[in-house]
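Take a look at the structure set out below.
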Amino acid sequence: MFQSTSLAVALVLLTGTVARAQATAREPRHRTVTVTGNPSEPPPEVHVSAETPTVFLFGAELRKKSVRVDEARIRVVDTGEQSRTIVVQAVSPPSHGERHELEVEFADGKAPSRAVFALVVHPANVDTLISVARQEPAAPACLAEVREGVRGPEDFLLLGYMGESGVPTAKVGPAKDAAQGLESAKGVAYRGKGWLMVQVRLRNQRGPQPWVPTEATLTSKTGEKLRGRVVLEEQGEPEPGKAVRVLVVTEEPPAGVGLFFILELSGADGRTLAIPEVKIPAPAKEPKP
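Numbers in the working numbering are just positions in the sequence shown, counted from 1, shifted up by 30.
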């Protein structure tokens, strides 16, 4: 049942050699794909077949039992407790052009936390080896952004960020850290198709030093970590004592991690503020067609 990375790669290379020796029409392909975690982008397509296995090589460990696929149509070889390799193969007899979605979760908690692929049956042009790269997040100094380029509500729908059920919300409790000189008022959490956003108003009570959050991390009670992107409503460093509106944007958390999170905001000066009462909305249920 369990295979090592080297064995899996050797299996693919051997299969490709046999295929060439038999002069078949199949053309083994080795490619690199990058996953971004952006729900508005279509998942990368990977060609599979029933005759030739496809090996995925990931740059980070995968969470055990996180692989989701229609196992009645796609056979998966689990490669260890926490592995960087997955071997898949279509179940015979597949139909040409048949599509199935493969989803995995990374074990390190970094963004993007998941990878999704569209497996397409294509016996004559099989992807035998897929090297998977994750898009690097922005550098910490660039994580704090200023809201600009305001768009209309139509873009929200056209970009796929909201479905027919709208955007559910939940309340975020206040927080205060006297030692750090920071506090936040009550806020709101929003959840859409593939994304999560938390809105809070922060106040820096320690003058005269300004404080701007540059990094954000959401941690669930199960230990799941989501790294967020910080967006500021106003440009520049807010004055001490002045409330500033801050948005934290991240991807939708995986199923099973619960609805209660702790939001930790960090600034360039080393000060942090933990907001312990962050309840995110349950995912909206889309109406049946």
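Just so you know, even glycine gets a beta-carbon here, dropped at the ideal spot from N, CA and C. Small disclaimer: the values here were computed from a predicted structure and weren't measured.
Item, Value
"Range covered by the beta strand (DSSP E) that runs through residue 86", "84-88"
"Cα-Cα separation, residue 262 to residue 250", "24 angstroms"
"Pairwise C-alpha distance: residue 105 and residue 86", "13 angstroms"
"Limits of the beta strand (DSSP E) - the one that residue 164 falls within", "157-164"
"Host beta strand (DSSP E) of residue 213 (start-end)", "212-214"
"Beta-carbon spacing of residue 129, residue 148 below 8 angstroms", "yes"
"Residue 98 Cβ short of 7 angstroms to the ligand HEM heavy atom set", "Ligands in the displayed structure: none, and consequently the ligand HEM is not present."
"Residue environment, residue 165, which counts as buried when at least 16 other CB atoms sit within 10 Å", "exposed"
"Residue 254 vs residue 296 beta-carbon contact at 8 angstroms", "no"
"Same chain, Cβ closer than 6 angstroms to residue 306, neighbours up to 5 away in sequence not counted", "292"
"Cut-off 6 angstroms between Cβ atoms - residues of its own chain near residue 150, not counting five sequence neighbours on either side", "75, 77, 129"
"Proximal residues to residue 117 (C-beta, below 6 angstroms), its chain only, five neighbours per side dropped", "38, 83, 85, 107"
"Residue from 225, 220, 163, 88 with nearest C-alpha to residue 311", "220"
"Secondary structure, beta strand (DSSP E): runs of 3+ residues fully inside the segment 230-308", "243-250, 255-262, 273-281, 290-297"
"Cβ shell of residue 125 (< 6 angstroms), same chain only, five flanking positions each side left out", "none"
"8 angstroms contact criterion, which residue 222 and residue 202 should meet: CB distance rounded", "Actually they do not touch by this definition, with Cβ atoms about 16 angstroms apart."
"Member of 89, 230, 228, 274 whose CA lies at the smallest distance from the CA of residue 144", "89"
"For residue 217, the three-state DSSP class (helix, strand or coil)", "strand"
"Cα-Cα separation between residue 169 and residue 258, rounded to whole angstroms", "Its pLDDT being 47, under 50, residue 169 is placed unreliably in this model, and the value from its coordinates should be taken loosely. Those two C-alpha atoms are separated by around 12 angstroms."
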